Structures are given as structure tokens and as C-alpha cells.
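Inspection log for the structure reproduced underneath, given as C-alpha cells.
Residue numbers (UniProt numbering): 1 to 384.
Written out as C-alpha cells, the structure reads:
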């Protein structure tokens with residue numbers, strides 16, 4: 001047993017009191033400092049604009065109470081983590097970096113079955129905030145994306161890491177926020193924060209990812225003015241990059257580490273009027289190129305969603321091996337879960353004409369990805 005772990009075990013009673021007091025104080029915060037609850041919520045909504053629409057569901061008093069309850073519980077979670085920040089020295093050993101709608105939630109759940117792996121210390125009843133920090137896109141503030149202490153607050157305490165090492169000989173933590181893969185400023189910040197981290201990228205047919213993402217946003221209540229469902233949608237110039245658009249995202253990529261994120265960044269990424277940010281997010285080659293300029297390729301693993309669906313256990317075990325967890329540990333057992341993501345959205349499908357346009361749109365990106373990886377993925381070879 002390492003000396004630090006021995007000291008932590010000896011101090012467990014005091015640490016337990018500290019954690020308990022922090023929890024009690026955090027529960028009082030929304031009542032004693034409602035302004036803090038509001039401030040933290042506004043920062044979160046900057047990073048996740050879709051959350052505002054989701055919390056409006058139902059309308060009226062119910063929506064107001066739901067939003068106030070969510071903001072209070074989120075405030076309690078953040079305050080509790082900051083009150084115990086000295087007990088949180090960890091940054092992620094690895095990331096499930098992306099991509100959206102490619103099985104990252106299921107992979108996250110499978111990995112946390114391993115007794116040596118923990119995800120975020122997030123909201124346990126909230127699917128997104130339980131696994132996704134949204135840290136690099138400003139969840140704790142536009143100027144906080146390079147703060148080591150702020151990022152440490154997301155991860156478990158030394159109590160969790162010590163107990164895992166004592167029982168099983170190892171401990172790892174990770175962040176699984178697929179939006180991080182799509183924003184051009186993230187690789188440089190991720191490299192500065194965790195230069196030796198392992199990166200797992202999950203990918204699927206871009207067309208399937210795009211329609212799945214669109215339907216998710218619609219189901220959350222976002223009033224999208226673009227669609228992939230109609231014959232005349234995404235026609236003509238709607239797919240073409242403008243000079244202003246290209247210049248904006250190039251400037252974001254070059255943003256110095258000490259500068260805050262643009263005020264309109266995430267509203268622009270989750271645009272209700274412009275489909276191009278959503279479409280660009282599935283240009284995997286462009287996104288991966290930025291990470292390959294920041295991290296060595298041997299620190300990256302690329303997972304085909306089709307392989308994950310067909311062979312979930314084998315895929316999960318290969319990821320465990322890659323990140324440094326013992327898949328043969330006696331205390332670990334793979335537990336199959338009901339499939340949460342089928343290959344095709346039920347009842348709502350992409351119009352054939354739009355599909356044809358998008359096949360052409362993604363053709364060069366898919367070819368570049370094939371060269372980049374040196375192998376084929378399940379959707380390569382689809383008719384264009």
C-alpha cells in the first residue's frame with residue numbers, strides 16, 4: 001500500500017465528516033444564496049443551450065418549478081464539489097471524446113461497471129450531467145476552460161480513488177462529453193490540461209448521427225428551422241460554407257488559452273436556424289485532424305459504432321485494455337444492457353433526396369478519414 005493511501009485510510013473518519021458537512025452546506029446554498037444558483041445555471045445554459053428548451057417542457061407553473069428545482073440541485077452539486085476541492089486532486093486519465101449520437105452514453109455506462117473506473121461526480125439522476133462535464137465549452141464559465149482546479153472539481157475524491165486502489169490495485173477516472181470532439185478550440189486546451197491522456201473516439205455513419213442528433217434536439221423542444229426529413233430540406237446553398245462562417249471557426253481554433261470563449265459560441269454551435277454546425281460535427285476527419293496535431297496517435301482509439309452494437313462486450317473489453325484497466329480482474333463482470341440506441345430512428349427517417357445530398361457532402365471527409373485511420377469503417381462504401 002502506498003503511503004498516501006495509508007494516510008487517507010487513517011483519516012477516513014475526518015474525511016467523512018468533511019464530506020458530510022460539505023453536503024449539508026451545499027443543500028442550504030440555494031436558500032441562502034439564490035443568486036449563486038442563478039449564476040451557475042446561466043453558465044451551464046451557455047454551454048448547453050438545449051437545456052433551456054428541455055426545462056420549458058409542459059409550460060406554466062410546472063415548467064417554472066422544474067427549472068427552479070433543477071437549478072437548485074445543480075447549484076448544490078457544484079458547491080459541494082468546490083467545498084471538497086482539496087480532496088479532489090484528480091484530472092481524467094482518459095476521455096470518451098466523441099462523437100455525438102455514436103454510443104458514448106452506453107460506452108460510459110459499460111466502463112463504469114469496472115470497479116477501478118469512475119466517471120464524473122455529477123448529478124446521478126441526470127443522464128447528461130452525470131457523464132458529461134461540458135467543461136471545455138464553458139460549463140463553469142467562458143474563462144474557466146483552462147483552470148485546473150475548476151476541472152478537478154468534477155472528479156471523485158481521494159476517498160474513492162484510495163478505496164479502489166486498496167481493493168483492486170488501480171483506479172482511473174474519465175470524462176465522456178462528445179461535444180468536445182466537435183469544437184475546434186478544445187484539443188489545445190485538453191492537451192494543456194491532460195497531456196498524457198488517452199482519447200476514445202466513437203463514430204458511426206455521419207447520416208445516422210445527423211438525423212439522430214436532429215431528432216434528439218427536436219424532442220428536447222428546440223425549434224429547429226432546418227430538417228433532414230423533407231425532400232426540399234438542406235438544398236442548394238444550405239450546405240455551403242460562407243467566408244464569414246469559415247473565418248469564425250478558424251478564429252475559435254486559434255483562440256489563445258488565456259482568452260474567454262466567444263459569447264455566442266455555443267448558441268452558434270446549437271443553432272436553430274443554421275444546419276451547418278450540426279453537419280460539420282459529423283465531418284470526423286476534420287475534427288480528428290485537430291486532435292492528431294495535439295496528441296500522439298498511439299494515445300487514441302477509434303471505435304466503430306456498428307462493432308459496438310454487434311459485439312458490445314468485446315468492444316468494451318478492448319477499450320478497457322486501451323485505457324489501462326484490467327478486463328480480467330476477478331471483481332469485474334460485463335453486464336449486458338438493453339440496447340438504448342438502434343440503428344434507425346423509429347417512424348422518422350431522412351428523406352432519400354437529402355440522404356443523397358449528404359452522401360456527397362460527406363464523401364471527401366469519409367475518404368480522408370479512411371486514409372487517416374488506415375482502415376475501413378462500417379459505412380464506407382455506401383453509394384454516393
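Virtual Cβ for every residue (Gly too), placed ideally from N, Cα, C. Computed from a predicted structure; not experimentally measured.
Presumed contact (8 Å Cβ cut-off) between residue i and residue j, rounded CB distance
i, j, result
"residue 290", "residue 253", "7 Å"
"residue 85", "residue 144", "The Cβ separation is near 13 Å, so there is no contact."
"residue 282", "residue 210", "5 Å"
"residue 172", "residue 117", "5 Å"
"residue 305", "residue 203", "6 Å"
"residue 140", "residue 150", "5 Å"
"residue 159", "residue 292", "Not really, about 37 Å apart at Cβ, beyond 8 Å."
"residue 201", "residue 181", "7 Å"
"residue 47", "residue 137", "5 Å"
"residue 222", "residue 50", "6 Å"
"residue 385", "residue 80", "Any question about residue 385 goes unanswered here, given that the chain covers just 1 to 384."
"residue 226", "residue 239", "That belief does not hold up - the Cβ atoms of residue 226 and residue 239 are roughly 11 Å apart, past 8 Å."
"residue 322", "residue 301", "5 Å"
From the options, residue whose alpha carbon lies closest to that of residue i
i, options, result
"residue 244", "17, 328 and 268", "268"
"residue 157", "309, 328 and 15", "15"
"residue 199", "178, 261 and 270", "178"
"residue 355", "97, 314 and 228", "228"
"residue 44", "83, 135, 103 and 22", "135"
"residue 207", "221, 38, 352 and 190", "352"
"residue 120", "138, 100, 78 and 35", "78"
"residue 54", "61, 4 and 66", "66"
"residue 278", "214, 248 and 242", "214"
"residue 395", "288, 147, 58 and 325", "Shown here, the chain extends from 1 to 384; a query on residue 395 therefore has no answer."
"residue 317", "310, 327 and 323", "327"
"residue 294", "222, 378 and 192", "192"
"residue 29", "41, 315 and 72", "72"
"residue 303", "226, 216 and 379", "379"
"residue 169", "276, 261, 377 and 331", "331"
"residue 263", "75, 248 and 274", "248"
"residue 98", "349, 39, 64 and 186", "186"
Per-residue DSSP class, three states only, for residue i
i, result
"residue 326", "coil"
"residue 42", "helix"
"residue 397", "As shown, the chain starts at 1 and ends at 384. That puts residue 397 outside it, with no answer to give."
"residue 198", "strand"
"residue 377", "coil"
"residue 95", "strand"
"residue 154", "coil"
"residue 205", "coil"
"residue 383", "Because residue 383 carries a pLDDT of 45, less than 50, the predicted location of this residue cannot be relied on, and no value is offered for it."
"residue 172", "strand"
"residue 144", "coil"
"residue 334", "coil"
"residue 165", "helix"
"residue 350", "coil"
"residue 313", "helix"
"residue 308", "helix"
"residue 343", "At residue 343 the pLDDT is 47, less than 50, meaning the model places this residue with poor confidence; the figure from the coordinates comes in the next sentence. Coil, per DSSP."
"residue 183", "coil"
"residue 88", "coil"
Run of the alpha helix (DSSP H) containing residue i, from where it starts to where it stops
i, result
"residue 284", "284-292"
"residue 82", "60-83"
"residue 53", "50-55"
"residue 279", "276-280"
"residue 190", "186-193"
Extent of the continuous beta strand (DSSP E) to which residue i belongs
i, result
"residue 27", "Taken as a continuous stretch (DSSP letters only), residue 27 belongs to no beta strand (DSSP E), being part of the alpha helix (DSSP H) at 12-32."
"residue 304", "300-304"
Proximity test, Cβ basis, 8 Å: residue i and chain B
i, result
"residue 49", "The structure shown contains no chain B, having only a single protein chain."
Legend entry - Within the stretch 215-272, ranges of the alpha helix (DSSP H) (whole runs, at least 4 residues): 243-253 and 265-269
Inset, instruction - Any chance you could list the alpha helix (DSSP H) runs of at least 4 consecutive residues sitting entirely within the stretch 95-141, in chain order? - result: Listed in chain order, the complete alpha helix (DSSP H) runs (minimum 4 residues) inside the stretch 95-141 are 104-111 and 127-131.
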